[in-house]
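Protein sequences, first through last, are from chains A and B. Heads up, our numbering is the position in the first sequence plus 72, with the first residue counted as 1. Heads up, our numbering is the position in the second sequence plus 72, with the first residue counted as 1.
There are 2 protein chains.
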Amino acid sequence: MFGVILAGGSGTRFWPKSREQSPKQLLRIIGQNTMIQNTVERLLPLIPAENIFMVTHALHAFETCRQTEGFGISPSQLLAEPVGKNTAAAVGFAAKILHEKNPDAVMAVFPADHVIKDPKAFCDILGRAEKIAEKGYLVTLGIQPTRPEEGYGYIKQGRTLEGSKGAFEVERFVEKPDAMTAQKFIAEGGYSWNCGVFLWKVATILEEIQTHLPKLYAALPSIVAHTIENNRKYDYRLLDSEGEKIYDSLPFISIDNGILEKSKRVAVIPATIQWNDVGAWDALEDVAEKDAEGNVFTENVTPLDCTGSIIQGEGRMIGAVGLKDIIVVDTPDALLVCDKNQAQKVKLLVNKLKEKHRPEVKLGVTVQKPWGSYTGLEEKDHYLVKRIEVNSGERLSLQSHNHRSEHWTVVSGSALVDLDDKQITLKENESLFIPLKSKHRLANPHETPLILIEVQMGDKVVEEDIIRYQDDYNRC
Amino acid sequence: MFGVILAGGSGTRFWPKSREQSPKQLLRIIGQNTMIQNTVERLLPLIPAENIFMVTHALHAFETCRQTEGFGISPSQLLAEPVGKNTAAAVGFAAKILHEKNPDAVMAVFPADHVIKDPKAFCDILGRAEKIAEKGYLVTLGIQPTRPEEGYGYIKQGRTLEGSKGAFEVERFVEKPDAMTAQKFIAEGGYSWNCGVFLWKVATILEEIQTHLPKLYAALPSIVAHTIENNRKYDYRLLDSEGEKIYDSLPFISIDNGILEKSKRVAVIPATIQWNDVGAWDALEDVAEKDAEGNVFTENVTPLDCTGSIIQGEGRMIGAVGLKDIIVVDTPDALLVCDKNQAQKVKLLVNKLKEKHRPEVKLGVTVQKPWGSYTGLEEKDHYLVKRIEVNSGERLSLQSHNHRSEHWTVVSGSALVDLDDKQITLKENESLFIPLKSKHRLANPHETPLILIEVQMGDKVVEEDIIRYQDDYNRC
């Protein structure tokens, strides 16, 4: 069996912890691991790492590779979309790639950013679903509803599948019903929540795409033909510029709307597992540990008479007084304070910020790079202070700047610096001046991480002021 | 007439904007000026700058001088208390100093951190009060109550003062009555709020101190004898170590409890001016501009469906969703989120933080120094990044460090640096390394401010690691 993790979420509802560059699946929302790491780990008892594929936006490809390589997933198992086209395109892309490996294999599709409390029970159900999928069904996993939730899609089960106890034909799908309807569903029985987990044979889903989404189907061979391997270290699969154009022309539609609601061979296996799609900040009270007053607080919070509140900080001290049902999410450059019952509106807030072209929508102060990361410490008109971390064995591009010079001070580790025609070793507690327009390159050839403080100065201090002469990550 | 501004507030209820080092009177709570600047400005039409004295804790003396020198107040008009002993000691100290200048002059006492909406009406009343004070009365200014406020002290007026229309004998003082009692006072009439503004002749108040607080009275001559001028630029008056001991032994009591409630010659002038003691964050909705939904927001707030809320930021982006009656105060190192109706509890929160020895109680990231300020940008175990601003014409002490070296990069202005036996001019975009244990001094001899980024590195990176050899501000 293959696993395909759809990691295309843009995660606006988890702003300001999520940004365009770091959506929910790449964040530690609960526990020590990120959402996608939890998703991978959950599958490993059932699906070997080399069979787990991921589809993500190209913007998130490096970071997704880095987060999953520790589980034995090779970057070549990551398919990078140049643009998000909803789940039908992602499923089609993955199915076409897997078709070359084994058209008769079952392919299980998973969202990258859900919480499932009992991974063992989950794998048991997947095993059962695999058998139904082998018979040529599109199998959906249904979660037994525990409340009349309006925000979910519902699956109405029909007759029992012949010879398959516990599996049913699907009578119909209902997208986000209103409160009354949802209540009726619960009372009536026979409805499950659609949790976005699907199993089917590779060949089956491609046939269905051919029938119901012919335009997508027709594009798949060229998309695969224009898929290239990227670079030295993180050679995930991405599209060349021709492939990008084709991908951009694909219909924007979900696999649910495009296929499942139309196909005649859809089955559902209702399951009673604890599942949460962690759709917004208020979900934390269902998936995280609460204190005696029903609060979910990070360590840096000093509360006084608070109940039912969610406060997520990142080290800064937070004093909370008399809060009831309030969400606070604190990051170095942006803060959210929100009524808990209006957590869904964070998406609208982010739209408002987008209209204002606020940079806090795109990036946080820490920006992940293929070689490590940088963190903005202070930004003014004519200078910028950054902490730069270069991972072991990595190096930045050979580059120069037309508008700024730089001052580097190593605070941890040791750097190897190319500066015009010189090569310089820069040790802890040593500084170096990088003049305007000089060709330079920063590398960490050692096993310990390299950390340096950089002061950039010039008439224009912007990321875009960079000329790359050589780059290990093909960014020239 | 002399003015004496009591600026001893520690301002815990305005945490995290106020800290031990920067209490409310030194902050811009509303408008462009700080509270003490507003207080000084309000008095200038009536009292010449050279007659305005201030009493403050030594910790706040430099900054108080700096904030008030632009109004023509000389640092020698500032009396620095080594320890806060409530208002009786501060009034006694000031009265004894003024006694040498003119024992028969009227001395008017003002809190440093209240808001008064109509300064002209205020000065008119002060003029009337001065005349009563000249007759030997202790005159209190009473504010006509507009609501049954429990948090204030009340003054019950008695008979009209003979020959002084609009002025009354005081029948009694009532400290913070309960809600029922306050309501009764309002219904009954003849009560005013005690706003902490008092006028009396210097000789009169000293006589009253002699009668009611003989211990304080006895100490005053030695306190004045042990008062010294401090230093080159900000030669405010402070106590020598002997004087500190004496001051520390003074009774801790307010002028209200110690004198006014006991004296037989107290008068009150009820006034209908718009006054607010700005006692806690919720006061902002009375003294600041509100939007149509009753919110008081700084510019960096993006709100969605908020009402009656107060959000005060300092540049970081704040998204607010669905808030009702919530206070948010955001600073670079600490955040407060508080129910508006529980704003008084911020004091309790700060006590809790004190018990935990949290540094955020004492200092913010920007620390005022006599020569300028520094701002912490990043602090880790073994290094610290700071922005240092040196005011024109100022210089730091000649110093060395036993545990750290420093890397300086000038980002604005130009520095003159002593480094061991060399003198170095460090211009914008230039860097310098200050080795461990080297004797060094940073000066800004130019008219433009000097700004530099400092990276401190060493086995111990703490403010206390400093040996001072010479200092313009007597801190050796």
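For glycine and all other residues, C-beta sits at the position ideal for the given N, C-alpha and C.
Whole-angstrom distance between residue j and residue i, CA atom to CA atom
i	j	result
B:C410	A:F505	47 Å
A:I70	A:V482	With chain A covering 73 to 548 only, the question about residue 70 of chain A has no answer from this structure.
B:I525	B:N105	28 Å
B:Q440	B:R388	21 Å
B:V422	B:D405	15 Å
A:Q384	B:I102	30 Å
A:I227	A:T128	27 Å
B:G465	B:K494	20 Å
B:K509	A:N501	15 Å
A:I108	A:K89	16 Å
B:E478	B:L498	14 Å
B:L491	B:D397	55 Å
B:K362	A:Y308	53 Å
A:A343	B:G391	38 Å
A:P120	B:G380	55 Å
A:K173	A:L395	55 Å
B:I382	B:K412	8 Å
A:S335	A:S94	35 Å
Presumed contact (8 Å Cβ cut-off) between residue i and residue j, rounded CB distance
i	j	result
A:K417	B:V155	About 50 Å separates the two Cβ atoms, so there is no contact after all.
A:P217	A:Y289	A:P217 to A:Y289, Cβ: 34 Å. No contact.
B:R85	B:G351	6 Å
B:K273	B:V178	6 Å
B:V163	B:T140	At roughly 19 Å, the Cβ-Cβ gap does not stay under 8 Å, so B:V163 and B:T140 are not in contact.
Three-state class that DSSP yields for residue i in the structure shown
i	result
B:D490	strand
A:Q97	helix
A:E357	helix
A:K419	helix
A:D320	helix
B:C195	helix
B:M107	helix
A:S472	strand
A:A343	strand
A:M564	Residue 564 of chain A falls outside the range modelled here, since chain A spans only 73 to 548, and no answer is possible.
B:D411	strand
A:Y226	strand
B:Y289	helix
Test: residue i CB closer than 9 Å to a CB of chain B
i	result
A:G394	yes
A:A415	yes
A:T374	yes
A:F505	yes
A:Y455	yes
A:P342	no
A:G142	no
A:E450	yes
A:T438	no
A:R418	At residue 418 of chain A the sequence reads Val, which differs from the Arg that was named. Chain B, which has a Cβ nearer than 9 Å to the Cβ of A:V418, makes this yes.
A:E357	no
A:A167	no
Neighbour flag for residue i against chain A, beta carbons, 9 Å
i	result
B:D402	yes
B:N501	yes
B:R244	no
B:H512	no
B:E371	no
B:L118	no
B:E411	Reading the sequence as shown, one finds Asp at residue 411 of chain B and not Glu. With 9 Å as the cut-off, B:D411 counts as an interface residue toward chain A.
B:W87	yes
Contact with chain D by residue i, beta-carbon distance below 9 Å
i	result
A:E92	Among the protein chains of the structure shown, namely A and B, there is no chain D.
The ligand ZN heavy atom lying under 8 Å from the CB of residue i
i	result
B:T370	Here there are no bound small molecules, and the ligand ZN is not part of this structure.
query: Between the segment 97-112 of chain B and the segment 74-82 of chain B, do at least 3 Cβ pairs fall closer than 8 Å?
result: yes
- prompt: On the three-pair Cβ rule with 8 Å, is the segment 202-209 of chain A touching the segment 311-331 of chain A?
  reply: no
- request: May I ask you to verify whether the segment 429-447 of chain A touches the segment 415-430 of chain B, counting CB pairs closer than 8 Å and requiring at least 3?
  value: no
- prompt: For the 8 Å Cβ check, are there 3 or more pairs between the segment 171-190 of chain B and the segment 229-246 of chain B?
  reply: Segments in contact, no.
message: Tell me whether the segment 353-370 of chain A and the segment 369-376 of chain B touch, counting them as touching only if at least three CB pairs, one residue from each stretch, are closer than 8 Å.
response: Too few Cβ pairs lie closer than 8 Å, so no.
task: Report yes or no: do three or more beta-carbon pairs, one from the segment 459-473 of chain B and one from the segment 471-488 of chain A, lie closer than 8 Å?
output: no
field: Stretch-stretch touch, CB-based, cutoff 8 Å, three pairs: the segment 190-199 of chain B with the segment 526-546 of chain A
entry: no
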